[in-house]
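If you read the sequences in order, they're chains W and L.
Residue numbering for the first sequence follows this note's numbering, starting at 1 and increasing by one per position.
Residue numbering for the second sequence follows this note's numbering, starting at 429 and increasing by one per position.
All residues carry an ideal CB built from backbone N, CA and C; glycine is no exception.
There are 2 protein chains.
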Amino acid sequence: MTRVVQKFGGSSVADADSIKRVAKRVLATKQSGKDVCVVISAMGDTTDELMDLALQVSPIPKPRELDMLLTTGERQSAALLAMALADLGVEARSYTGSQAGVITTGKHGDARIIDITPGRVTTALDEGSIVIVAGFQGVAQDTKDITTLGRGASDTTAVALAAAVGADYCEIYTDVDGIFTADPRIVSAASQVPEISYEEMMEMAASGAKVLHLRCVEYARRENVQVHVRSSFSDRPGTWVKDLKDIATTDKDGNPMEQAIISGVAHDRGEAKITIVGVPDKVGEAARIFDAIAASGINIDMIVQNQSRVSTSRTDISFTLPKTEGRNAMQKLNEIQPEVGFEELLFDDQIGKVSIVGVGMKSHPGVTARFFRALADAEVNLDMISTSEIRISVVVDAEAVDRAVRAAHTAFGLDAEGEAVVYAGTGR
Amino acid sequence: MTRVVQKFGGSSVADADSIKRVAKRVLATKQSGKDVCVVISAMGDTTDELMDLALQVSPIPKPRELDMLLTTGERQSAALLAMALADLGVEARSYTGSQAGVITTGKHGDARIIDITPGRVTTALDEGSIVIVAGFQGVAQDTKDITTLGRGASDTTAVALAAAVGADYCEIYTDVDGIFTADPRIVSAASQVPEISYEEMMEMAASGAKVLHLRCVEYARRENVQVHVRSSFSDRPGTWVKDLKDIATTDKDGNPMEQAIISGVAHDRGEAKITIVGVPDKVGEAARIFDAIAASGINIDMIVQNQSRVSTSRTDISFTLPKTEGRNAMQKLNEIQPEVGFEELLFDDQIGKVSIVGVGMKSHPGVTARFFRALADAEVNLDMISTSEIRISVVVDAEAVDRAVRAAHTAFGLDAEGEAVVYAGTGR
């Protein structure tokens with residue numbers, strides 16, 4: 001029997017009526033002859049409200065207890081969905097993350113899934129019951145304490161459960177129709193992508209595409225779980241995230257399909273740039289700086305080191321990082337200033353990152369040139385550049401982000417009504 | 429080291445400020461050199477709000493899922509109290525009922541504690557941590573599903589945990605100062621009882637005294653846990669509930685203390701009376717009626733069968749039951765009417781029950797006479813009468829309840845400023 005894991009986010013279960021609506025959708029899947037396991041987030045603003053309550057009690061809530069508190073939100077929505085399904089005449093059972101066997105590391109607030117021992121879930125599925133699992137949570141392997149997973153956690157729970165119970169695929173229900181070639185709020189000609197590879201999706205997620213979180217896609221790739229991202233407000237097919245070799249290269253009549261070089265244009269306004277001016281150009285100085293940053297748990301993204309100024313034997317180093325971590329990083333750098341002896345720190349949060357992603361660029365020369373030409377024509381200055389095998393990212397002024405995204409989207413033939421750039425052969 | 433279990437109810441943890449207040453009280457106990465295990469209820473109206481939410485989703489919420497939903501309330505307050513304690517610089521860990529090893533029967537919504545396996549709790553206490561356990565809940569022995577206990581459940585959790593962790597005593601914090609000789613809202617001269625035996629407390633609870641629930645006192649007696657009922661809003665000593673033999677009979681100078689015949693006057697306005705008129709006076713008819721009632725899970729309290737009317741060979745049977753179950757019982761009786769052939773059903777919810785309770789009455793004749801004389805002098809008509817070894821209860825008109833309580837309180841010398849009736853010897 002086909003087995004499917006369906007994940008519904010907080011906006012899909014904002015109130016009693018939307019819980020009943022989700023119940024009907026789950027029932028329809030069950031009635032189509034599939035085993036259904038649901039992963040559910042907390043209702044609407046519940047998590048924020050619980051966090052407010054915690055902050056009223058304690059300025060810095062103890063992480064172990066914050067996890068105990070916040071996990072109640074998903075438990076509530078799981079129980080409510082099970083009630084709604086029971087009213088529709090179908091057997092449904094809710095489980096906490098711990099009951100569902102979600103075993104995690106012990107890092108409260110940002111635990112990782114180590115393993116899933118889904119005995120109770122599979123037994124219930126085998127007995128014909130719909131299973132509902134509270135997302136975002138697990139139980140620490142060592143302490144047996146309740147943990148919460150990091151960002152995008154309910155999606156990861158769903159994919160991990162899909163792997164553990166041998167589901168045929170995992171559906172992530174969200175408030176958009178799937179993955180688009182660019183943010184439709186910026187590019188009106190953006191279109192939905194029917195299929196995308198794990199690798200491209202990971203690059204898109206890392207580049208600011210919000211629909212799926214990086215960790216979830218990593219997990220899906222590792223366990224080879226096909227993920228269907230779709231809207232909880234319509235029945236339209238969404239975007240399938242799957243292995244590159246499983247992606248169709250011919251249409252239903254067997255004719256080769258047009259394969260675009262790039263799958264999408266992503267952007268990210270959530271980063272800031274720090275420039276360390278006048279770093280002594282000696283072996284080990286950069287390492288010392290980034291050791292200090294890393295020790296504070298700050299994730300940095302792009303790094304650029306300028307050529308040394310010959311006159312002074314000093315160099316400038318710029319890097320980007322999440323805006324939210326800017327204050328922390330500046331503080332840390334100021335602390336090590338006497339030791340490293342750089343001249344100045346500059347902070348700029350009026351930047352944006354624009355990235356093009358596609359496996360097609362591996363086999364097509366000239367992609368970088370075409371991208372930069374399009375940006376130049378749109379009068380966008382490039383501040384920093386970084387690349388991977390299937391991604392090119394640039395940092396630009398915040399005000400230029402929209403212009404850059406549109407220019408790239410057009411240049412690579414992604415505009416829905418425009419002329420598609422056609423390449424046969426490898427990838428998409 | 430002295431070990432104590434402290435239980436705080438919903439009114440003690442209504443908001444963030446009151447949680448911080450409770451934290452200070454718990455800390456003070458810890459700082460006095462005791463091991464502290466706290467059992468906590470859900471904040472203020474949380475349980476009612478969750479129930480409302482459930483009813484919005486489902487007219488008759490599935491009991492298993494209702495338990496999953498409602499138990500989140502206590503988990504939240506437990507986590508919040510642990511945070512507040514951490515802020516005060518003391519190690520505190522919250523546990524769900526399941527984590528604390530509260531093993532119950534599988535009857536959702538009204539499970540009974542079968543056993544407590546307090547491994548994690550005792551380990552944490554031994555490590556010097558304050559332990560906070562979510563009350564009202566456990567885990568079913570067979571299914572491992574989350575259960576809620578019946579009424580008065582957090583108190584029972586506290587007493588059961590006190591027994592399981594070998595606590596020296598159990599403190600129940602509530603919104604009154606302890607057990608009174610009568611409801612102070614009715615009898616201004618009522619006074620607080622410093623000590624009362626398990627047996628008397630059980631009779632008081634069964635007779636309408638709301639402070640402690642019957643099941644909790646039963647558990648305390650069985651496990652011989654001394655219970656200290658006291659106010660969470662003051663530091664005054666409350667009432668100790670303990671074994672009769674442990675109750676002081678001499679004052680601190682060794683002189684015999686005055687022992688009252690009765691410990692208190694209880695009343696209950698929560699009952700209704702059903703009279704079944706004209707039941708055929710044949711063997712087995714009463715059994716058939718009460719079998720039907722019992723099969724519906726309705727608890728009846730007092731039963732009176734009037735003398736048969738010789739002319740008709742029929743008899744009248746009256747019984748009392750919780751008002752909330754009146755509709756259900758009437759329906760059930762109507763269903764069996766054709767079978768039993770009684771003449772008529774009468775329903776009266778304008779009644780009240782007044783009880784006097786005291787172990788002293790075992791050894792003192794004339795208690796009944798004195799009680800009834802006092803009621804007669806107060807122009808209270810008796811409708812039904814029932815007795816146990818240490819209790820006499822009467823059913824009276826609802827409007828006469830206050831008068832009856834006051835008359836009994838005065839007649840047995842309980843009025844604080846009045847002349848105490850002094851008896852040396854057995855009991856209190």
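Spatial distance of residue i from residue j (CA atoms)
{"i": "W/Ile-172", "j": "W/Phe-8", "result": "7 Å"}
{"i": "L/Thr-584", "j": "W/Ala-84", "result": "32 Å"}
{"i": "W/Ser-12", "j": "W/Val-22", "result": "7 Å"}
{"i": "L/Asp-729", "j": "L/Val-782", "result": "13 Å"}
{"i": "L/Ala-852", "j": "L/Asn-683", "result": "Note on L/Ala-852: pLDDT 34, under 50, position unreliable in the model; no value is reported."}
{"i": "W/Leu-214", "j": "W/Met-202", "result": "6 Å"}
{"i": "L/Val-586", "j": "L/Asp-830", "result": "In the sequence as presented, Val is not what sits at residue 586 of chain L; that position holds Ala. Each residue's Cα considered, the two are about 33 Å apart."}
{"i": "L/Met-479", "j": "L/Leu-498", "result": "7 Å"}
{"i": "L/Asp-696", "j": "L/Ala-637", "result": "7 Å"}
{"i": "W/Gly-89", "j": "L/Lys-490", "result": "11 Å"}
{"i": "L/Ser-469", "j": "L/Ser-625", "result": "26 Å"}
{"i": "W/Val-176", "j": "W/Arg-230", "result": "7 Å"}
{"i": "L/Asp-679", "j": "L/Gln-687", "result": "11 Å"}
{"i": "L/His-837", "j": "L/Gly-547", "result": "47 Å"}
{"i": "W/Asp-87", "j": "W/Gln-31", "result": "15 Å"}
{"i": "W/Lys-144", "j": "W/Gly-166", "result": "25 Å"}
{"i": "L/Val-823", "j": "L/Arg-649", "result": "28 Å"}
Cβ of residue i within 7 Å of any chain W Cβ
{"i": "L/Ser-821", "result": "no"}
{"i": "L/Glu-555", "result": "no"}
{"i": "L/Lys-490", "result": "yes"}
{"i": "L/Arg-449", "result": "no"}
{"i": "L/Gln-504", "result": "yes"}
{"i": "L/Met-630", "result": "no"}
{"i": "L/Glu-519", "result": "no"}
{"i": "L/Ser-582", "result": "no"}
{"i": "L/Leu-508", "result": "yes"}
{"i": "L/Ala-552", "result": "no"}
{"i": "L/Val-849", "result": "Residue placement at L/Val-849 is poorly supported in this model, since its pLDDT is 39, which falls under 50; the coordinates still yield a value, given next. No, because no Cβ of chain W sits closer than 7 Å to the Cβ of L/Val-849."}
{"i": "L/Ser-635", "result": "no"}
{"i": "L/Met-429", "result": "no"}
{"i": "L/Glu-772", "result": "no"}
CB contact below 7 Å: residue i versus chain L
{"i": "W/Thr-72", "result": "yes"}
{"i": "W/Gln-137", "result": "no"}
{"i": "W/Asp-142", "result": "no"}
{"i": "W/Leu-382", "result": "no"}
{"i": "W/Leu-414", "result": "no"}
{"i": "W/Ser-32", "result": "no"}
{"i": "W/Ser-27", "result": "Here the sequence assigns Leu to residue 27 of chain W, which means Ser is not the residue at that position. Chain L contact via Cβ: absent."}
{"i": "W/Ala-266", "result": "no"}
{"i": "W/Leu-69", "result": "yes"}
{"i": "W/Ala-86", "result": "yes"}
{"i": "W/Ala-16", "result": "yes"}
Counterpart residues of residue i in DSSP-defined beta bridges
{"i": "L/His-536", "result": "None; L/His-536 has no bridge partner."}
{"i": "L/Gly-566", "result": "L/Thr-575"}
{"i": "W/Leu-345", "result": "W/Ile-276"}
{"i": "L/Val-785", "result": "L/Gly-692, L/Arg-819"}
{"i": "L/Gln-434", "result": "L/Val-466, L/Glu-599"}
Test item: CB-CB of residue i and residue j under 7 Å
{"i": "W/Ala-292", "j": "W/Gly-326", "result": "no"}
{"i": "L/Leu-509", "j": "L/Ile-447", "result": "yes"}
{"i": "L/Gly-566", "j": "L/Thr-575", "result": "yes"}
{"i": "L/Asp-476", "j": "L/Gly-534", "result": "no"}
{"i": "L/Val-559", "j": "L/Ala-568", "result": "no"}
{"i": "L/Tyr-523", "j": "L/Val-561", "result": "yes"}
{"i": "W/Ser-161", "j": "W/Val-5", "result": "Before going further, note that residue 161 of chain W is Leu rather than Ser in the sequence given. Their beta carbons are under 7 Å apart, which means W/Leu-161 touches W/Val-5 by this criterion."}
{"i": "W/Ala-416", "j": "W/Ala-189", "result": "yes"}
{"i": "L/Thr-667", "j": "L/Val-615", "result": "no"}
{"i": "L/Glu-628", "j": "L/Val-530", "result": "no"}
(request) Below 8 Å between beta carbons is the criterion; list the residues of the stretch 463 to 487 of chain L that meet it against any residue of chain B, in chain order. (result) The question asks about chain B, but that chain is absent: this structure's protein chains are W and L.
(request) Just list the alpha helix (DSSP H) runs in the stretch 700 to 724 of chain L, keeping only unbroken ones of 4 residues or longer that don't cross its boundaries, in chain order. (result) 713 to 723
(request) Could you pull out every unbroken alpha helix (DSSP H) segment of at least 4 residues lying fully inside the stretch 147 to 207 of chain W, listed in chain order? (result) 153 to 164, 198 to 206
(message) I'd like the ranges of any beta strand (DSSP E) spanning at least 3 consecutive residues and lying wholly in the stretch 55 to 97 of chain W.
(response) 92 to 95
(request) Note down, one range per segment and in chain order, each beta strand (DSSP E) of at least 3 residues found wholly within the stretch 639 to 707 of chain L. (result) 655 to 659, 667 to 670, 692 to 696
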